[in-house]
Amino acid sequence: MSDTNKKVVTRFAPSPTGFMHVGGVRTALYAWAWAKKNDGTFILRIEDTDKAREVEGSIAHIMESLKWLGIEWDQGPDIGGSHAPYLQSERLESYKKYANILIEKGLAYPDPYTKEEIESFRKNAEDEKKVFLFRDHRPEKFGVWNGTQPLRFKVPVVKSYTWMDEVRGELSAGPEALDDFILIKSDGYPTYNFAHIIDDLEMGVTHIMRADEFIASTPKFLSLYEALEIIPPVLVTLPPILGKEGTKKLGKRDGAKDILEYRNDGFLADAMVNFLAFLGWNPGDERDVMTPLEIIESFDISRIHKSGAMLDEEKLLWLNKEHLKRQSDEVKLNEVKKHLPDYPEDLLKRLLPSIIDRISVYSQIDHIESTEFRFFIDSPEVDIEKIIWKDETKDQAAIHLEEVKRLIESGDLSSVENVNKLIMPYAEVQGKGSVLWPLRYSLSGQEKSIDPFTLVYILGKEESIKRIEKVLEKLT
RNA sequence: GGCCCCAUCGUCUAUCGGUUAGGACACGAGCUUUUCAAGCUCGGAAGCGGAGUUCGAUUCUCCGUGGGGUCACCA
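So for the first sequence, the numbering used here puts the first residue at 187; every next one is plus one.
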């Protein structure tokens, strides 16, 4: 177990092989939250040791995704830090240094075989229904490594390992999990198995957060830590995130979305952080809507789940609405403006609560605007037949509209409540439907819409009367 | 297949041996100021199966079942 007095250092170490998806971001979020919670350091390190799979623009995409969510790193490739560089491709000297230490100890050796030879070893093992282990073919005498062959780790002791994981508890694996894996590839770049251990050591990483696909290779890491006489960091295994069917782990291949797609769809960063945080963790009380700050304060490794969870976009939508509701009116207005640029600002201000009620994500405004709000700025087309409430007559509708018009002309329209007080008594006497349906329909031209009092309040005296008069002309 | 991990309402989860098994999403019903939306109230809904340990198991142990991960010159 590591020194608990030591300053917490965590890292997020993605490979630049494509877009960021929920799984990666969740890992980053937990590492970040744990560092923040402990006034520690959060490092962004790019594991770009596979030049063949590297995707142009990935690093920028990773950074943009993290920044969107407010997951800011204290050290990283763009801002540097006390352990620079933060690109593994620029840290080759470090790996070479430790490789030489292992060679000197007789714990690393050049792989003398061709790929074809290894492939046939593998095939033979398969035919005999045995696990293929390179160490069964380990040469008796090691040659001198010239840098063009893969450098392999010589597992010092083949044994079963048992270790502590902060989330899973005691874990173990059989000796088959241990093999002479490659430390440095023939192209001179290190493998993940080797590089992350050296970097974590040099950068003083205290806690490794990563998903459970790494459990199987942990004995390899442990064996290497021992060979290098390194005290391993605290291991924190995160639960998998399952796809829609709940059967497969969510990966890029089976529908995991680019995290920035959520941003493009209008989701709020705080809602996304809240959602991601709860995908494998919860504060233990009954809170479900939390700000990033509250999440950091409550975050605890002991409350990270063991079992995987399905990603439920329905819940994300609900969460986004909750976060959206909590924003200030100023922010809300600004966001709404972006979607309704041709609406006058004073109208928008009065319309704001009604809009907020109807959406979970700001971008939904684009979809409902034409049917639900358009009539506020474009006078509605009124079908005179629809103005009639149930089996009443046009004359009755006209009488009620006349009276409502009279009330509006002299009444106080300064709030929805006041409009209600103004018209409601009359409607209650005459029949709510008889009065309110013609009113609401005259103002909106819609069979379904916001309630009539809010309508009058939003449209204002002048416009409301104008619309009522227009209908009255048609009625008589 | 070998090795390993996981297992509570449809979904996400709480419970650290004793609870009417709690909450949230979704769903259903009702309420409210015509309709729609929102909101509020109520409701249905769960411990994978089998042994054991124990006065008592959702909780601890084992077996089974189901699901997942991993067996690369990928991370």
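Here a beta-carbon is modelled for each residue, glycine too, at the ideal position from N, C-alpha and C.
Asked, Found
"Alpha carbon of residue 227 to alpha carbon of residue 217, nearest angstrom", "10 angstroms"
"Boundaries of the beta strand (DSSP E) in which residue 206 is found, first to last residue", "Here residue 206 belongs to no beta strand (DSSP E), and DSSP marks it neither H nor E."
"Buried/exposed call for residue 343, threshold 16 Cβ in 10 Å", "exposed"
"Enclosing alpha helix (DSSP H) for residue 351 [first to last residue]", "That residue, residue 351, is in no alpha helix (DSSP H); its beta strand (DSSP E) goes 347-351."
"Burial state of residue 563, where buried means 16 or more other Cβ atoms lie within 10 Å", "exposed"
"Three or more C-beta pairs below 8 angstroms linking the segment 189-204 and the segment 238-257", "yes"
"Alpha carbon of residue 330 to alpha carbon of residue 337, nearest angstrom", "10 angstroms"
"Beta-carbon proximity check, residue 353 vs residue 409, cutoff 9 angstroms", "no"
"Cβ contact check for the segment 454-474 and the segment 493-510: 3 or more pairs under 8 angstroms", "yes"
"Proximity of residue 454 and residue 506 at Cβ, strictly below 9 angstroms", "yes"
"Bridge partner(s) assigned by DSSP for residue 422", "395"
"Nearest-angstrom Cβ-Cβ length linking residue 485 and residue 220, presumed shorter than 8 angstroms", "6 angstroms"
"DSSP three-state assignment for residue 494, whether helix, strand or coil", "coil"
"Pair within 9 angstroms by beta-carbon distance, residue 255 and residue 445", "yes"
"Secondary structure of residue 405, DSSP reduced to three states", "helix"
"Collapsed DSSP secondary structure at residue 220 in the structure displayed", "helix"
"Nearest-angstrom Cα separation, counted from residue 470 out to residue 591", "56 angstroms"
"Given 8 angstroms, three or more beta-carbon pairs between the segment 568-577 and the segment 534-548", "no"
"Contact set for residue 663: own chain, Cβ-Cβ below 8 angstroms, skip 5 residues either direction", "In the structure as shown, the chain begins at 187 and stops at 662. Residue 663 is therefore absent and cannot be evaluated."
"Straight-line Cα distance separating residue 602 from residue 268", "59 angstroms"
"Residue from 491, 294, 382, 249 with nearest C-alpha to residue 422", "491"
"6 angstroms CB neighbourhood of residue 274 in its chain, flanking five on each side removed", "233, 234, 235, 381"
"As assigned by DSSP and simplified to three states, the class of residue 266", "strand"
"CB contact flag (residue 296, residue 261, <9 angstroms)", "no"
"Three-state secondary structure (DSSP) of residue 261", "strand"
"Residue 597 beta carbon less than 9 angstroms from that of residue 608", "yes"
"Nearest to residue 276 (by Cα), restricted to the options 347, 375, 650", "375"
"Per-residue DSSP class, three states only, for residue 533", "helix"
"Secondary structure of residue 623, DSSP reduced to three states", "helix"
"Bridge partner(s) assigned by DSSP for residue 296", "337"
"Boundaries (first-last residue) of the beta strand (DSSP E) holding residue 635", "That residue, residue 635, is in no beta strand (DSSP E); it is neither H nor E in DSSP."
"Opening and closing residue of the alpha helix (DSSP H) in which residue 602 lies", "602-616"
"Residue 298 to residue 332 span [Cα, whole Å]", "11 angstroms"
"Terminal residues of the beta strand (DSSP E) in which residue 359 lies", "355-359"
"Span of the alpha helix (DSSP H) around residue 517", "515-525"
"Beta strand (DSSP E) segment containing residue 367, residue limits", "That residue, residue 367, is in no beta strand (DSSP E); it is neither H nor E in DSSP."
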